[in-house]
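These protein sequence lines are chains A and B, in that order. Each step along the first sequence adds one to the number in our numbering, with nothing skipped, and position 7 is 7. Each step along the second sequence adds one to the number in our numbering, with nothing skipped, and position 67 is 67.
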Amino acid sequence: YPGIHVKDEL
Amino acid sequence: MNIFRLMADLAHVLAIVILLHKIWKSRSCAGISGKSQILFALVYFMRYLDIMTSYVSFYNSTMKLLFLGTSGATLNLIYRKFKPSYDHNHDSFRIAYLLVPCALLSLFLNHEFSVLEILWTFSIYLESVAILPQLFMVAKTGEAESITSHYLFALGSYRALYVCNWVYRYIAESHFDLIAIIAGLVQTILYCDFFYLYITKVLQNRKLQLPA
Chain A
1 YPGIHVKDEL
Chain B
1 MNIFRLMADL
11 AHVLAIVILL
21 HKIWKSRSCA
31 GISGKSQILF
41 ALVYFMRYLD
51 IMTSYVSFYN
61 STMKLLFLGT
71 SGATLNLIYR
81 KFKPSYDHNH
91 DSFRIAYLLV
101 PCALLSLFLN
111 HEFSVLEILW
121 TFSIYLESVA
131 ILPQLFMVAK
141 TGEAESITSH
151 YLFALGSYRA
161 LYVCNWVYRY
171 IAESHFDLIA
181 IIAGLVQTIL
191 YCDFFYLYIT
201 KVLQNRKLQL
211 PA
């Protein structure tokens with residue numbers, strides 16, 4: 001998952 | 001940022017505004033589950049701990065602070081200022097039944113076994129079921145004020161719109177986060193029965209009353 005998992009949401 | 005995401009966040013802010021306005025205007029938190037509000041406060045606190053470690057945008061940080069601040073304010077109104085109006089006899093859902101499974105699940109199903117990541121995952125799982133005490137309360141009393149229904153509709157729409165946002169992002173950016181998507185779907189499904197009642201009753205100017 002690394003790379004896909006970007007926490008830019010709320 | 002796409003239109004679904006923007007509308008989702010606006011629906012979320014609207015839900016909070018409706019709730020705070022309802023409590024403040026009526027000087028009462030009757031019909032509102034304090035337990036759901038405790039869970040939401042916990043969700044924001046766990047998820048937005050990263051406000052100190054990672055910066056995404058001004059918008060992102062502002063919204064995080066807004067959600068943290070307003071959930072604290074809501075708890076303050078329910079458990080302090082208007083405590084006499086809090087309907088604790090009907091708010092009898094046992095939150096341990098939600099907290100324990102979410103905690104265990106976040107330990108096993110996560111993106112990475114680290115403290116911040118597990119807390120983030122826990123918050124995602126907990127958010128998906130945090131409305132249950134409120135829905136349980138509505139089921140128990142068999143009715144909800146129109147304003148409470150509007151609040152629930154806005155709050156439910158928020159994650160449903162996030163699901164649209166995730167479909168869009170998967171197509172447009174190949175971006176996806178399976179944990180958030182599955183939890184978001186569960187969260188939205190939990191509201192379906194309520195959405196049906198809202199559309200067939202509340203929007204026709206009838207009170208939300210459950211069949212006996």
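Cβ coordinates follow ideal geometry from the N, Cα and C atoms, glycine included.
Would you say the beta carbon of residue i comes nearer than 6 Å to a heavy atom of the ligand SAM?
i	result
Thr70 (chain B)	Questions concerning the ligand SAM fall outside what the structure shown contains, since it holds no ligand whatsoever.
Does the beta-carbon of residue i have 16 or more other beta-carbons within 10 angstroms, so that it is buried, or is it exposed?
i	result
Asp193 (chain B)	exposed
Ile18 (chain B)	buried
Val6 (chain A)	exposed
Gly156 (chain B)	buried
Val202 (chain B)	buried
Phe40 (chain B)	buried
Tyr104 (chain B)	Sequence inspection shows Leu at residue 104 (chain B); the Tyr mentioned does not correspond to that position. Flag for Leu104 (chain B) reads exposed.
Asn2 (chain B)	exposed
Phe122 (chain B)	buried
Ser174 (chain B)	exposed
Ile95 (chain B)	buried
Phe108 (chain B)	exposed
Ser57 (chain B)	exposed
Ala8 (chain B)	buried
Cutting at 6 Å between CB atoms, please list the residues of its own chain near residue i, excluding the five before and the five after it.
i	result
Tyr170 (chain B)	Phe176
Thr141 (chain B)	His90
Phe45 (chain B)	none
Met137 (chain B)	Ser33, His90, Asp91
Ile23 (chain B)	Cys29, Leu77
Trp166 (chain B)	Ile181
Leu98 (chain B)	Val129
With DSSP collapsed to three states, give me the class of residue i.
i	result
Glu9 (chain A)	coil
Leu65 (chain B)	helix
Ala144 (chain B)	strand
Leu155 (chain B)	helix
Gly3 (chain A)	Interpretation of Gly3 (chain A) is limited by its pLDDT of 46, a score under 50 that renders its predicted location unreliable; the figure taken from the coordinates is listed afterwards. Correct three-state label for Gly3 (chain A): coil.
Leu210 (chain B)	coil
Ala8 (chain B)	helix
His175 (chain B)	coil
Asn2 (chain B)	coil
Ala214 (chain B)	As shown, chain B starts at 1 and ends at 212. That puts residue 214 (chain B) outside it, with no answer to give.
Asn165 (chain B)	helix
Between which residues of its own chain and residue i is the CB-CB distance below 7 Å, once the five residues before and five after are set aside?
i	result
Ser36 (chain B)	Ala130, Ile131, Pro133, Gln134
Leu20 (chain B)	Thr70, Ala73, Thr74
Arg27 (chain B)	Phe82
Tyr168 (chain B)	Asn2, Phe4
Leu10 (chain B)	none
Phe93 (chain B)	Lys35, Leu132, Pro133, Phe136
Leu197 (chain B)	Leu208
Thinking just about the alpha-carbon of each residue, which of the options is nearest to the one in residue i?
i	options	result
Leu116 (chain B)	B:Leu210, B:Gly184, B:Val202, B:Ser54	B:Ser54
Leu126 (chain B)	B:Tyr79, B:Phe136, B:Leu42, B:Gly31	B:Leu42
Tyr158 (chain B)	B:Ile199, B:Gly184, B:Arg206, B:Leu19	B:Gly184
His88 (chain B)	B:Gly31, B:Ser106, B:Met7	B:Gly31
Ala139 (chain B)	B:Leu98, B:Val13, B:Leu210	B:Leu210
Met63 (chain B)	B:Tyr97, B:Tyr191, B:Met52, B:Tyr48	B:Tyr48
Trp120 (chain B)	B:Ile179, B:Asp9, B:Met7	B:Ile179
Gln204 (chain B)	B:Ser146, B:Tyr168, B:Asn165, B:Ile182	B:Ser146
Val163 (chain B)	B:Phe113, B:Ser128, B:Phe93	B:Ser128
Gln230 (chain B)	B:Ala172, B:Glu112, B:Leu152, B:Leu197	Chain B is shown only over 1 to 212; residue 230 (chain B) falls outside these bounds and no answer can be derived.
Ala15 (chain B)	B:Tyr86, B:Ser149, B:Phe108	B:Ser149
Ile38 (chain B)	B:Ala160, B:His12, B:Val56, B:Tyr79	B:Tyr79
Pro101 (chain B)	B:Pro84, B:Tyr86, B:Ile124	B:Ile124
Glu143 (chain B)	B:Asn60, B:Val13, B:Arg206, B:Phe67	B:Arg206
Any beta strand (DSSP E) of 3 or more consecutive residues that is wholly inside the region 84-121 of chain B: none
Residue ranges of each alpha helix (DSSP H) within the region 28-75 of chain B, 4 or longer: 34-47
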